[in-house]
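Residues in the sequence shown are numbered consecutively from 2, following my numbering.
Even glycine gets a Cβ: it sits at the ideal position worked out from N, Cα and C.
Quantities reported herein were computed from a predicted structural model and do not represent experimental measurements.
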Amino acid sequence: LAGMVVHQTRVEASIDACSSRRFDNLGTECRSGRYSSSAFGVDPVFLKGTQLYEASLQAAKSAFYNLNESSGETFGEAQTPFGFFAHQLKGYRDGFWVLFDSSFTRLRFYEIVLYLDEGGFIDASTKTLRTAFYFYNAESSTFVNYAVTFDFVPGGYIILSEDVQALPVNLYQSSAHYGRAALEVIVALMVAYLATGRLRKLAAEISERGSFTGGLLYHLKDPKNLLDDLIAALLVGSMIVWWAYVFSYLMPLQVEPRYSVYDDLSAAARYLLRNREGFPSGESRYDKPLDPEEILLFEGMVSTLDTMSNLLTTYFTLCGLVLLLGMVRVLMLVHFQPQFK
2 LAGMVVHQTR
12 VEASIDACSS
22 RRFDNLGTEC
32 RSGRYSSSAF
42 GVDPVFLKGT
52 QLYEASLQAA
62 KSAFYNLNES
72 SGETFGEAQT
82 PFGFFAHQLK
92 GYRDGFWVLF
102 DSSFTRLRFY
112 EIVLYLDEGG
122 FIDASTKTLR
132 TAFYFYNAES
142 STFVNYAVTF
152 DFVPGGYIIL
162 SEDVQALPVN
172 LYQSSAHYGR
182 AALEVIVALM
192 VAYLATGRLR
202 KLAAEISERG
212 SFTGGLLYHL
222 KDPKNLLDDL
232 IAALLVGSMI
242 VWWAYVFSYL
252 MPLQVEPRYS
262 VYDDLSAAAR
272 YLLRNREGFP
282 SGESRYDKPL
292 DPEEILLFEG
302 MVSTLDTMSN
312 LLTTYFTLCG
322 LVLLLGMVRV
332 LMLVHFQPQF
342 K
């Protein structure tokens, strides 16, 4: 769906951030803890010596970038264009993201890879890099989120983490599903009854002791009460998470096979320019108003699927804790007889 999303967060780097200033003469910089959203890198189309360098476009920079000093789109006396600009992506920390559009041609895909490489997308200020894929399996009616995160840590090594989450989406589409829905309602009522019973018992002990604090401490003094309350709370939490998954995200979910994030998939330079109003017709496009509709739809899909993945992970975690505590509670009911010799 849409393509591969590459998202990067960056931190500021300077000599002042180093813990020791003894060897400042070496010109080395250290990363600080402050995240950066400043433009960086270079558009390799305008950088001599790169594979993407295009000599015929050197006199046409103004067709792709605002060359005014105050624009922040270029740097240096040669007005070299920056390659990457910060764009917010809902659900992610502010940073820099690139979408490898599923409609890219083989040549365009190769050009984007070169653009990131020769433009310096990954450098010493890179903090994290996350690549995410979103799939839909029609046979099993399941969305799949697959993400790999690279965490660049001090010392020069990279911590890699992988996350795969299957998201069932067609939960209530057949008679068999309706039967499961009925069972879910019954379970929800049982959980509500259990939670209400625990609250009634706590209220009775508070009333008996004459104070909230005294009754609460007396109630929690018994380990069985503490464990029963914890199990009831986890069950209520898991039910809330599940129904939030279903009603807040699953039911209203709308996705498209692709989104028009970029202004022109055949642009000669500034490949990553976000979608503008109107259609490319040879004139400059960077100064046209941003057309946010497709970008917002894309952000909504990414944010919704990522949130659904997090909710399911939370739900399964809560259910696992309930099972574990339930086993402990059963063991507390077992009385072992001493062995007679």
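Nearest residue (CA-CA) to residue i, options the options
{"i": "residue 75", "options": "96, 108, 45, 94", "result": "45"}
{"i": "residue 83", "options": "70, 90, 315", "result": "70"}
{"i": "residue 89", "options": "37, 318, 13", "result": "37"}
{"i": "residue 196", "options": "150, 215, 232, 174", "result": "232"}
{"i": "residue 249", "options": "161, 170, 215", "result": "170"}
{"i": "residue 150", "options": "139, 137, 129, 217", "result": "129"}
{"i": "residue 9", "options": "93, 50, 63", "result": "93"}
{"i": "residue 261", "options": "293, 164, 289, 286", "result": "293"}
{"i": "residue 81", "options": "100, 97, 61, 96", "result": "61"}
{"i": "residue 308", "options": "291, 251, 290", "result": "251"}
{"i": "residue 124", "options": "31, 146, 48", "result": "31"}
{"i": "residue 132", "options": "142, 220, 214, 147", "result": "147"}
{"i": "residue 97", "options": "295, 290, 274, 328", "result": "274"}
{"i": "residue 245", "options": "310, 278, 177", "result": "310"}
{"i": "residue 39", "options": "58, 50, 190, 14", "result": "14"}
{"i": "residue 79", "options": "48, 301, 323", "result": "48"}
{"i": "residue 1", "options": "239, 256, 111, 106", "result": "Residue 1 lies beyond the residue range present for the chain, which begins at 2 and ends at 342; the question has no answer from this structure."}
{"i": "residue 2", "options": "256, 143, 225", "result": "256"}
{"i": "residue 189", "options": "216, 205, 241", "result": "241"}
{"i": "residue 99", "options": "50, 87, 214", "result": "87"}
{"i": "residue 164", "options": "266, 157, 145, 176", "result": "145"}
{"i": "residue 35", "options": "73, 95, 56", "result": "95"}
{"i": "residue 272", "options": "111, 77, 68", "result": "111"}
{"i": "residue 175", "options": "217, 142, 91, 215", "result": "142"}
{"i": "residue 295", "options": "324, 102, 154, 68", "result": "102"}
Anticipated Cβ contact below 8 angstroms, residue i with residue j, distance rounded
{"i": "residue 104", "j": "residue 259", "result": "5 angstroms"}
{"i": "residue 306", "j": "residue 135", "result": "6 angstroms"}
{"i": "residue 65", "j": "residue 122", "result": "In fact, because the Cβ distance is near 18 angstroms, the residues do not count as touching under 8 angstroms."}
{"i": "residue 237", "j": "residue 6", "result": "Between residue 6 and residue 237 the Cβ distance is about 35 angstroms, and since that is not below 8 angstroms, they are no contact."}
{"i": "residue 168", "j": "residue 247", "result": "Wrong, their Cβ atoms sit about 11 angstroms apart, outside the cutoff."}
{"i": "residue 333", "j": "residue 225", "result": "6 angstroms"}
{"i": "residue 314", "j": "residue 166", "result": "7 angstroms"}
{"i": "residue 266", "j": "residue 109", "result": "6 angstroms"}
Proximity below 7 angstroms, CB of residue i to CB of residue j
{"i": "residue 115", "j": "residue 53", "result": "yes"}
{"i": "residue 312", "j": "residue 235", "result": "no"}
{"i": "residue 179", "j": "residue 243", "result": "no"}
{"i": "residue 12", "j": "residue 162", "result": "no"}
{"i": "residue 4", "j": "residue 120", "result": "no"}
{"i": "residue 288", "j": "residue 276", "result": "no"}
{"i": "residue 227", "j": "residue 330", "result": "no"}
{"i": "residue 58", "j": "residue 268", "result": "no"}
{"i": "residue 230", "j": "residue 199", "result": "yes"}
{"i": "residue 278", "j": "residue 290", "result": "yes"}
Distance cut-off 6 angstroms: residue i Cβ against heavy atoms of the ligand FMN
{"i": "residue 223", "result": "Of the ligands one can find in the structure shown there are none, so the ligand FMN has no counterpart to examine."}
Evaluate contact between the segment 172-187 and the segment 208-220, counting only Cβ atoms and requiring at least three cross-stretch pairs below 8 angstroms. No: fewer than three Cβ pairs fall under 8 angstroms.
3-residue-minimum beta strand (DSSP E) runs that sit fully inside the segment 150-230, ordered along the chain: Complete beta strand (DSSP E) runs here, min 3: 159-169.
Runs of alpha helix (DSSP H) lying entirely within the segment 256-315, each at least 4 residues, in chain order: When DSSP assignments are scanned along the segment 256-315, no uninterrupted stretch of alpha helix (DSSP H) that is 4 or more residues long falls wholly within it.
Every unbroken beta strand (DSSP E) inside the segment 23-85 [3 residues or more]: Correct list: 31-37.
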